[in-house]
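Report on one structure; see the data block that follows.
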Amino acid sequence: MKRICMSLALMLPLVSISADEFDDVFADDPFADVEVEVDTATASTRSWHLSHELQLQTLINLNSERSTDIEQAYAGVSSVEAAWQPALDWDMNDWLSTRAKGKLATDAIFWLRPDEAWSDADVDQRQWQFETQELTLQARRDQWQFSSGIQTVTLGLADALSVSNNLYGRDLSLPGTVDIDETQTPAWTTVISGTLGNVRLKAGSVHRHQLNTLPIEGTDFDTGIDSMLDNAGLSLTNEPLALDNMGVFASLSGVVGPLDWQFNAISQLSHSPVIEMGIINPGPSASVVPVAVHYPRENTVAGAASLVTGPVLWKTEAALTTGQQAQSTDSGMPSDLVSFQRLSGTLGFDFDQPTLGRLVAELQISRILDYDALDLLNSEESEAQWALMLSRSFWRETLTLNAQLLAFDLDASGGRLQALGLDYDINDHWQVRARVIDYVGGDASILSGADDRDRLMASVHYRF
Amino acid sequence: MTLRLRTLCTLLLIGPTLAMTADDIMTRVDQNETPTSQRADMTMILLDSRGNQRVRSIQSQRAEVDGVERSLMFFIEPADVRGTGFLMFDYEDAGRDDDQWMLLPSLGKAKRIASSDKTGSFMGSDFSYADMSQRNLSEWTYTLLKEDSVNGVDVWVIESIPVNQDVIEKTGYVRSIVYVRQDTYQVTRGISYLEKSGEVKLMNVSEFTEIDGYSLATETQMVTQKNGKTVHRTLMKLDVQAVDFEFDPDDFTLNRLEQGL
Numbered sequence: 001m002k003r004i005c006m007s008l009a010l011m012l013p014l015v016s017i018s019a020d021e022f023d024d025v026f027a028d029d030p031f032a033d034v035e036v037e038v039d040t041a042t043a044s045t046r047s048w049h050l051s052h053e054l055q056l057q058t059l060i061n062l063n064s065e066r067s068t069d070i071e072q073a074y075a076g077v078s079s080v081e082a083a084w085q086p087a088l089d090w091d092m093n094d095w096l097s098t099r100a101k102g103k104l105a106t107d108a109i110f111w112l113r114p115d116e117a118w119s120d121a122d123v124d125q126r127q128w129q130f131e132t133q134e135l136t137l138q139a140r141r142d143q144w145q146f147s148s149g150i151q152t153v154t155l156g157l158a159d160a161l162s163v164s165n166n167l168y169g170r171d172l173s174l175p176g177t178v179d180i181d182e183t184q185t186p187a188w189t190t191v192i193s194g195t196l197g198n199v200r201l202k203a204g205s206v207h208r209h210q211l212n213t214l215p216i217e218g219t220d221f222d223t224g225i226d227s228m229l230d231n232a233g234l235s236l237t238n239e240p241l242a243l244d245n246m247g248v249f250a251s252l253s254g255v256v257g258p259l260d261w262q263f264n265a266i267s268q269l270s271h272s273p274v275i276e277m278g279i280i281n282p283g284p285s286a287s288v289v290p291v292a293v294h295y296p297r298e299n300t301v302a303g304a305a306s307l308v309t310g311p312v313l314w315k316t317e318a319a320l321t322t323g324q325q326a327q328s329t330d331s332g333m334p335s336d337l338v339s340f341q342r343l344s345g346t347l348g349f350d351f352d353q354p355t356l357g358r359l360v361a362e363l364q365i366s367r368i369l370d371y372d373a374l375d376l377l378n379s380e381e382s383e384a385q386w387a388l389m390l391s392r393s394f395w396r397e398t399l400t401l402n403a404q405l406l407a408f409d410l411d412a413s414g415g416r417l418q419a420l421g422l423d424y425d426i427n428d429h430w431q432v433r434a435r436v437i438d439y440v441g442g443d444a445s446i447l448s449g450a451d452d453r454d455r456l457m458a459s460v461h462y463r464f
Numbered sequence: 001m002t003l004r005l006r007t008l009c010t011l012l013l014i015g016p017t018l019a020m021t022a023d024d025i026m027t028r029v030d031q032n033e034t035p036t037s038q039r040a041d042m043t044m045i046l047l048d049s050r051g052n053q054r055v056r057s058i059q060s061q062r063a064e065v066d067g068v069e070r071s072l073m074f075f076i077e078p079a080d081v082r083g084t085g086f087l088m089f090d091y092e093d094a095g096r097d098d099d100q101w102m103l104l105p106s107l108g109k110a111k112r113i114a115s116s117d118k119t120g121s122f123m124g125s126d127f128s129y130a131d132m133s134q135r136n137l138s139e140w141t142y143t144l145l146k147e148d149s150v151n152g153v154d155v156w157v158i159e160s161i162p163v164n165q166d167v168i169e170k171t172g173y174v175r176s177i178v179y180v181r182q183d184t185y186q187v188t189r190g191i192s193y194l195e196k197s198g199e200v201k202l203m204n205v206s207e208f209t210e211i212d213g214y215s216l217a218t219e220t221q222m223v224t225q226k227n228g229k230t231v232h233r234t235l236m237k238l239d240v241q242a243v244d245f246e247f248d249p250d251d252f253t254l255n256r257l258e259q260g261l
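Going line by line, the protein sequences match chains W and L. Okay, so the first sequence: first residue is 1 according to the UniProt record's numbering, each after it adds one. Okay, so the second sequence: first residue is 1 according to the UniProt record's numbering, each after it adds one.
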């Protein structure tokens with residue numbers, strides 16, 4: 001163990017430098033009386049590393065109209081979550097290692113405001129929760145690596161709106177509370193990666209089918225899908241663990257000077273359900289109700305490239321997805337499920353300059369091919385999303401201000417969420433965060449009527 | 001003995017040093033033998049003006065692969081960034097930007113970083129990315145100001161001025177004073193004047209260690225002053241594990257970066 005011991009008592013003497021007088025500026029050792037105790041060797045020589053994070057986080061609705069019981073419940077302070085997140089890295093030997101990270105949390109709001117109209121689903125979800133965020137076993141041999149367990153594998157080169165990076169379901173339960181580029185939900189994945197010449201190869205399987213995490217039934221963001229399916233005796237559940245339900249992927253990538261390139265192929269069940277509607281009681285009292293939920297297998301081939309020029313990284317991606325499904329119509333009524341192809345593309349840039357900060361801008365557009373011939377019941381021919389992310393650090397990276405904007409449709413008519421955030425590292429152990437999320441309602445189901453659900457999220461973190 | 005002969009003998013006795021120009025000295029500095037590969041644990045202690053400490057521990061290795069200086073680093077501490085990695089290709093050609101990638105372990109993703117501007121702080125320390133890269137000789141003009149001594153060792157004091165505005169924008173420095181040891185041609189101190197008005201950085205190598213025939217800077221101080229007042233300090237300690245070890249060029253690739261810590 002090597003220790004650096006100096007004493008904290010001395011503050012540096014003030015030394016003034018002029019253009020011609022620099023000889024004396026080194027007269028005093030600036031660290032002579034600074035006492036530092038740092039374990040410089042242990043951190044990298046021991047085979048395991050255990051760390052913890054304690055977190056207290058609150059969510060406050062800033063502008064609820066309180067016009068319903070649900071809005072009343074989610075007005076003001078709607079969450080006071082305390083969480084413990086342990087993480088363990090253990091290198092068993094030169095080639096075998098394991099990583100584990102979890103979260104145990106409880107939300108005290110159900111004790112602090114017990115009389116509100118919390119839904120059972122929300123209480124079940126939030127009152128106590130345990131989440132395995134990572135649990136992997138890795139083996140490494142020369143340039144090849146095998147890894148299996150709960151983890152995420154990221155494909156594509158775009159940050160926020162990649163058309164390749166769709167291996168995992170996304171956490172959309174409370175839009176904007178998770179960074180746009182960190183919404184992937186980890187799942188049991190096996191991946192092997194290595195190099196063949198100058199080409200990197202990555203291939204693997206996501207073993208469990210995953211759904212996007214939608215807002216919980218009975219909360220102010222509830223889209224109503226759960227209750228609609230409940231009434232029809234249906235529910236949203238992941239497909240069971242089976243070979244037929246696994247996702248598989250393969251990726252080739254490489255570097256040519258300032259250009260990074262990547263080709264991806266993915267086959268997996270959809271993360272979003274296709275709800276088949278049917279007609280019951282034909283005749284004057286006929287009604288259209290859900291009759292089945294499908295998760296079609298979608299196959300995607302995609303290419304991506306990024307090019308760095310000065311302080312700007314340009315990014316582009318394109319993908320063709322087959323096997324997507326939607327319901328066609330017959331005389332305006334629900335008819336058969338039909339499969340179709342979708343072409344998607346992303347364009348964007350990442351500007352990074354120490355004085356100005358980092359600006360990421362991305363636009364994703366997708367289009368259903370042969371749309372007119374399909375006569376679909378409830379699917380738009382084209383969809384667009386765009387995202388802006390701005391961040392700037394101050395005070396030696398202890399204070400970071402960031403802004404994010406995610407909009408649906410080119411003119412943002414689908415709605416948008418915009419957030420301003422602040423992260424402040426008090427020291428290596430304590431951090432405070434705050435984020436204000438402004439929702440602007442629109443056609444997108446998740447933001448429908450969301451104007452009065454703006455949130456303030458504040459948290460304190462202690463790491464050791 | 002004639003005057004001419006005495007003069008010649010005197011010149012021979014005091015050695016070649018007086019005859020050297022600033023350019024000669026800095027060329028010798030640039031030609032100093034360095035390990036072809038090096039593996040080390042780096043610890044940076046960051047102190048703000050109130051003496052509050054932050055610690056950054058990094059596992060690093062570097063090597064010259066096909067004439068390009070490649071380095072691979074992984075964060076050990078603090079815990080919230082543990083496993084974050086950097087791969088850098090530092091090209092000798094002054095006109096070519098470095099290639100840099102960063103590994104985000106939580107996403108299992110290595111992404112390219114634009115790196116033309118090196119004025120930013122390296123991990124919140126007083127060292128900038130420019131300080132961590134090799135300085136290209138042709139981007140500066142040198143003037144020998146005087147000779148002096150530091151801790152009993154004779155040094156040359158040399159002024160460096162960027163050759164154009166591009167270099168200033170890339171490094172953030174408008175002028176530097178470097179102290180070069182006359183015995184080993186190593187830079188032992190430096191004063192760098194930043195483009196930001198009133199900011200000056202003082203660099204001092206407080207420890208050289210002899211490792212396998214190389215004299216390596218194993219403890220370096222960097223102090224930032226603004227208008228004469230110390231605003232931040234960094235002490236960088238290098239615990240060198242190995243030099244000139246046999247390496248596989250594939251250990252400095254994007255694939256290796258993605259394998260993680």
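Just so you know, even glycine gets a beta-carbon here, dropped at the ideal spot from N, CA and C. As the structure is a prediction and not an experimental result, all values here were calculated from the model.
Going along chain W, which residues have a C-beta under 7 angstroms from residue i?
i, result
"L:Ile113", "Asp352"
"L:Ala63", "Under the 7 angstroms cutoff, chain W gives no residues; its nearest Cβ is about 16 angstroms from L:Ala63."
"L:Asp80", "Arg463"
"L:Asn204", "Phe26"
Just the Cα atoms here: how many angstroms apart are residue i and residue j?
i, j, result
"W:Leu236", "W:Ser331", "29 angstroms"
"W:Thr132", "L:Ser138", "54 angstroms"
"L:Glu207", "L:Asn151", "12 angstroms"
"L:Arg56", "W:Thr400", "18 angstroms"
"L:Met20", "L:Gln31", "15 angstroms"
"W:Asp115", "W:Ala403", "36 angstroms"
"W:Ala232", "W:Leu56", "40 angstroms"
"L:Ser115", "L:Ser71", "14 angstroms"
"W:Arg141", "W:Asp91", "14 angstroms"
"L:Thr220", "L:Asp41", "14 angstroms"
"L:Asp166", "W:Trp144", "41 angstroms"
Just the chain B side, please: which residues come within less than 7 angstroms of residue i by C-beta, in chain order?
i, result
"W:Asn212", "Among the protein chains of the structure shown, namely W and L, there is no chain B."
Can you give me the Cβ contacts of residue i inside the same chain, cut-off strictly under 6 angstroms, excluding the 5 residues immediately before and after it?
i, result
"W:Asp89", "His49, Arg99"
"L:Arg54", "Leu46"
"W:Trp386", "Leu363, Ala407"
"L:Ile25", "Trp156, Val180"
"W:Ala83", "Gln55, Lys103, Ala105"
"W:Asn264", "Leu155, Ser164, Ser251, Ala302"
Going along chain W, which residues have a C-beta under 9 angstroms from residue i?
i, result
"L:Arg54", "Arg396, Thr398, Asp425, Asn427, Asp428"
"L:Asp250", "Asp142, Gln143, Thr195"
Using a Cβ cut-off of 8 angstroms, pull out every chain W residue sitting near residue i, in sequence order please.
i, result
"L:Asn255", "Gln143, Ser193, Gly194, Thr195, Arg200"
"L:Arg189", "Phe26"
Identify every residue that forms a DSSP beta bridge with residue i.
i, result
"L:Pro162", "L:Trp140"
"L:Met26", "DSSP, once it has assigned bridges, lists no residue as partnering L:Met26."
"W:Gln324", "W:Phe340"
"W:Thr132", "W:Gly102"
"W:Ile426", "W:Ile426 is not bridged to any residue."
"W:His294", "W:Val274"
"W:Ala121", "Note: W:Ala121 sits in no beta bridge, so no partner."
"L:Tyr179", "L:Val157, L:Arg189"
"L:Ile45", "L:Val55, L:Leu235"
Using a Cβ-Cβ cut-off of 7 angstroms (strictly less than) and excluding sequence neighbours within five positions of residue i, which residues of its own chain qualify?
i, result
"W:Ser328", "Ser335, Asp336, Val338, Leu374, Asp375, Leu376, Leu377"
"W:Ser148", "Thr136, Leu137, Thr190"
"W:Asp451", "Tyr439, Val440, Gly441"
"W:Gly357", "Leu390, Ser391, Arg392"
List the residues of chain L that residue i touches, going by C-beta distances under 7 angstroms, in chain order.
i, result
"W:Ile249", "First, the residue type needs correcting, since residue 249 of chain W is Phe and not Ile in the sequence shown. Those do not exist, as W:Phe249 stays about 12 angstroms from chain L at its closest Cβ, beyond 7 angstroms."
Interface residues of chain L around residue i at Cβ under 9 angstroms?
i, result
"W:Gly310", "Asp97, Ala114, Ser116, Asp117"
"W:Leu313", "Lys111, Arg112, Ile113, Ala114"
I'd like the list of long-range same chain contacts for residue i, defined as Cβ closer than 8 angstroms, with 5 residues on each side in sequence excluded.
i, result
"W:Leu369", "Phe340, Gln341, Arg342, Leu343"
Could you tell me which uninterrupted beta strand (DSSP E) segments, each at least 3 residues in length, are contained entirely in the stretch 228-274 of chain W, listed from first to last along the chain? Listed in chain order, the beta strand (DSSP E) runs fully inside the stretch 228-274 of chain W are 247-256, 259-269, counting runs of at least 3 residues.
Segments assigned alpha helix (DSSP H), at least 4 residues, entirely inside the stretch 367-426 of chain W: Within the stretch 367-426 of chain W, the complete alpha helix (DSSP H) runs of at least 4 residues are 371-374.
Unbroken stretches of the beta strand (DSSP E), 3 residues or longer, contained in the stretch 149-225 of chain W: Counting whole runs of 3 or more residues, the stretch 149-225 of chain W contains the beta strand (DSSP E) stretches 187-196, 199-206.
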